[in-house]
Amino acid sequence: MDLRRLKATNFLSPLLAVLIAFAIGGIIIFVKGTNPLLAYSALFYGAFGSLHGLSETFAKASPLLLSGLAATVAFKSKIWNIGAEGQLHMGATLVTWAGLTFLELPTFLTIPLIIVLSFLGGAVWASIVGALKARFKVNEIILTLMLNYIAIYFMGYLLEGPWRDPSGIVYSSPISRAAWFPILIPGTRFHMGILLSLLCVPLIYVFLFKTVYGYRIRAIGASNKAADYGGINISKNIIFTMFISGGLAGLVGAGEISGIQHRLMGGFSPWYGYFGVLVALLGRLHPFGVLIASVLFGGLLVGGDFMQRAAGVSAPLVYVLQGLIVIFLIGGEKIITRKIGSRE
Numbered sequence: 237m238d239l240r241r242l243k244a245t246n247f248l249s250p251l252l253a254v255l256i257a258f259a260i261g262g263i264i265i266f267v268k269g270t271n272p273l274l275a276y277s278a279l280f281y282g283a284f285g286s287l288h289g290l291s292e293t294f295a296k297a298s299p300l301l302l303s304g305l306a307a308t309v310a311f312k313s314k315i316w317n318i319g320a321e322g323q324l325h326m327g328a329t330l331v332t333w334a335g336l337t338f339l340e341l342p343t344f345l346t347i348p349l350i351i352v353l354s355f356l357g358g359a360v361w362a363s364i365v366g367a368l369k370a371r372f373k374v375n376e377i378i379l380t381l382m383l384n385y386i387a388i389y390f391m392g393y394l395l396e397g398p399w400r401d402p403s404g405i406v407y408s409s410p411i412s413r414a415a416w417f418p419i420l421i422p423g424t425r426f427h428m429g430i431l432l433s434l435l436c437v438p439l440i441y442v443f444l445f446k447t448v449y450g451y452r453i454r455a456i457g458a459s460n461k462a463a464d465y466g467g468i469n470i471s472k473n474i475i476f477t478m479f480i481s482g483g484l485a486g487l488v489g490a491g492e493i494s495g496i497q498h499r500l501m502g503g504f505s506p507w508y509g510y511f512g513v514l515v516a517l518l519g520r521l522h523p524f525g526v527l528i529a530s531v532l533f534g535g536l537l538v539g540g541d542f543m544q545r546a547a548g549v550s551a552p553l554v555y556v557l558q559g560l561i562v563i564f565l566i567g568g569e570k571i572i573t574r575k576i577g578s579r580e
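Letter by letter, the sequence shown follows residues 237 to 580 of the numbering used here.
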């Protein structure tokens with residue numbers, strides 16, 4: 237019965253949250269004098285109704301997907317990594333350093349280099365927290381949040397100082413063309429980094445559910461004491477988990493700098509790291525669920541702009557919908573669990 241309850245909750249909670257959020261959003265749209273069906277049609281057409289819209293949706297979904305996978309890996313082990321924002325900033329910083337330093341390196345060497353550096357930037361930054369948690373039992377939530385600010389302000393120092401563009405504007409000079417991710421669909425922004433993020437989904441699924449490393453992560457999350465009794469080295473696995481989680485977040489930096497911006501600038505991440513936590517929760521901490529949730533959130537961001545132009549509905553309604561989805565996700569899970577429990 238417990239397994240049936242778990243499966244029902246995992247499937248129904250996100251679906252219920254999305255449906256209720258859109259229903260309440262429809263009421264808000266109707267009260268403001270617009271046809272909700274027209275508004276939602278514009279939203280979904282803008283996000284999924286054309287090649288351009290679809291590519292933009294995946295461009296927005298890609299960083300959400302990676303940060304969502306980062307949260308998923310950590311949360312599976314009951315390690316609350318809220319530091320993806322700082323980790324992706326460190327990944328972006330190392331990508332920019334490579335793109336400004338290795339100007340003569342050919343593309344076939346530069347691209348793998350920046351992927352590795354972005355992963356290591358986030359991984360090492362997160363491992364600091366993992367090591368301190370393993371050794372001194374520090375609160376990882378507080379520490380990851382503090383390291384977010386350090387990473388962001390360190391990047392700000394570089395942009396204000398040694399990396400500042402000669403024009404005087406507060407962003408770096410363009411990175412080497414060899415460090416740009418190639419565009420896979422001409423006329424769009426669908427770059428190689430998006431494909432990389434999509435490939436991470438089956439890889440993380442296999443890692444979590446088909447390898448001994450993933451088993452250890454899930455075992456620690458299920459019962460720390462039982463895992464320790466079973467011979468799992470808790471301290472080493474905490475550091476390892478944070479290394480993988482931070483590395484996934486760091487890859488966001490490669491996608492945004494090498495795939496979209498082609499230079500480092502303040503505000504390149506509209507809180508992708510924090511949104512990744514929401515995506516992970518909506519995806520029920522499952523890699524393929526996180527993929528669906530990231531595409532939904534990416535579609536809301538892209539479709540919201542089109543909805544504003546086509547139906548006259550304010551684009552910030554998208555953020556209202558996202559907030560409602562999270563609220564009802566938490567509440568819906570409790571309701572469904574109680575309903576199933578009462579029938580038993």
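Note that CB positions come from ideal geometry on N, CA and C, so glycine has one too.
Note that the structure is predicted; figures quoted are calculated from it, not measured.
Exercise. According to DSSP, is His325 helix, strand or coil?
Worked result: By 1-based counting over the sequence shown, the position of residue 325 is 89. Looking at His325 - three-state DSSP - the assignment turns out to be helix.
For this session: Report the residue ranges of all beta strand (DSSP E) runs contained in full by the segment 257 to 300; include only those spanning at least 3 residues, in chain order.
Result: none
For this session: Can you grab the Cα-Cα spacing for the pair Gly539 / Asn317, in whole Å?
Result: Here residue 539 corresponds to residue number 303 of the sequence shown, with the count starting at 1. Here residue 317 corresponds to residue number 81 of the sequence shown, with the count starting at 1. Rounded to the nearest angstrom, the two C-alpha atoms are 30 Å apart.
For this session: State the start and end residues of the unbroken alpha helix (DSSP H) segment that holds Ile528.
Result: Translated into the one-based positions of the sequence shown, residue 528 becomes position 292. 523 to 547 is the extent of the alpha helix (DSSP H) around Ile528.
Exercise. For the segment 343 to 351 against the segment 450 to 470, are there 3 or more C-beta pairs whose distance is under 8 Å?
Worked result: no
Exercise. Hey, quick one: how far does the alpha helix (DSSP H) through Lys373 stretch, first residue to last?
Worked result: In the sequence shown, the residue the question calls residue 373 occupies position 137. Looking at the DSSP string, Lys373 is not in any alpha helix (DSSP H), and its letter there is neither H nor E.
Exercise. Looking at the structure shown, is Arg452 part of a helix, part of a strand, or coil, going by DSSP?
Worked result: For the purposes of this step, residue 452 is taken as residue 216 along the sequence shown, with counting starting at 1. Reduced to three states, the DSSP call for Arg452 is helix.
Problem set entry | Ala546 versus Thr270: straight-line alpha-carbon distance, rounded | On the sequence shown, residue 546 is found 310 positions in, with the first residue counted as 1. On the sequence shown, residue 270 is found 34 positions in, with the first residue counted as 1. Straight-line Cα distance between these residues: approximately 11 Å.
For this session: Note down, one range per segment and in chain order, each alpha helix (DSSP H) of at least 4 residues found wholly within the segment 372 to 454.
Result: 376 to 396, 428 to 446
For this session: Identify, in the order they occur along the chain, each residue of the same chain with its Cβ nearer than 7 Å to the Cβ of Asn512, setting aside the five sequence neighbours on each side.
Result: Taking the first residue of the sequence shown as position 1, residue 512 is located at position 276. Note that residue 512 corresponds to Gly in the displayed sequence, not to Asn. These residues qualify, in order along the chain: Leu300, Ser303, Gly304, Ala306, Ala307, Ala320.
For this session: Look at the alpha carbon of Gly366 and the alpha carbon of Leu487, and state the distance between them as a whole number of angstroms.
Result: For this step, residue 366 is matched to residue 130 along the sequence shown. For this step, residue 487 is matched to residue 251 along the sequence shown. Distance between the alpha carbons of Gly366 and Leu487: 19 Å.
For this session: Starting from Phe479, trace the alpha helix (DSSP H) both ways and give me its first and last residue.
Result: Along the sequence shown, one-based indexing puts residue 479 at 243. Where Phe479 is concerned, the enclosing alpha helix (DSSP H) stretches over 470 to 492.
Exercise. Hey, is the segment 415 to 426 in contact with the segment 499 to 517, meaning 3+ C-beta pairs nearer than 8 Å?
Worked result: no
For this session: Kindly list the residues whose CB is nearer than 7 Å to the CB of Val374, restricted to its own chain and excluding five residues on each side of it in sequence; keep chain order.
Result: Within the sequence shown, residue 374 is the residue found at index 138, counting from 1. Excluding residues within five positions, the ones whose Cβ falls inside 7 Å are Leu368.
Exercise. Given a threshold of 16 other Cβ atoms within 10 Å of its Cβ, counted over all protein chains shown, does Phe372 qualify as buried or as exposed?
Worked result: For the purposes of this step, residue 372 is taken as the residue at position 136 of the sequence shown. Classification of Phe372: exposed, given that the 10 Å Cβ count is below 16.
Problem set entry | Residue interval of the alpha helix (DSSP H) (run including Phe338) | As a working note, residue 338 is residue 102 in the sequence shown. First-last for Phe338: undefined, no H or E at that position.
Problem set entry | Straight-line gap, His522 to Ala516 (C-alpha atoms, nearest Å) | Locating residue 522 in the sequence shown gives position 286, counting from the first residue. Locating residue 516 in the sequence shown gives position 280, counting from the first residue. Cα-Cα distance, rounded: 8 Å.
For this session: Could you pull the start and end residues of the alpha helix (DSSP H) that Leu514 belongs to?
Result: Numbered from 1 along the sequence shown, position 278 holds the residue referred to as residue 514. Element bounds for Leu514: 508 to 518.
Problem set entry | Same chain, Cβ closer than 7 Å to Ile528, neighbours up to 5 away in sequence not counted | To locate residue 528, count along the sequence shown from 1; it is residue 292. Closer than 7 Å at the Cβ level, and outside the excluded window around Ile528, lie Gly519.
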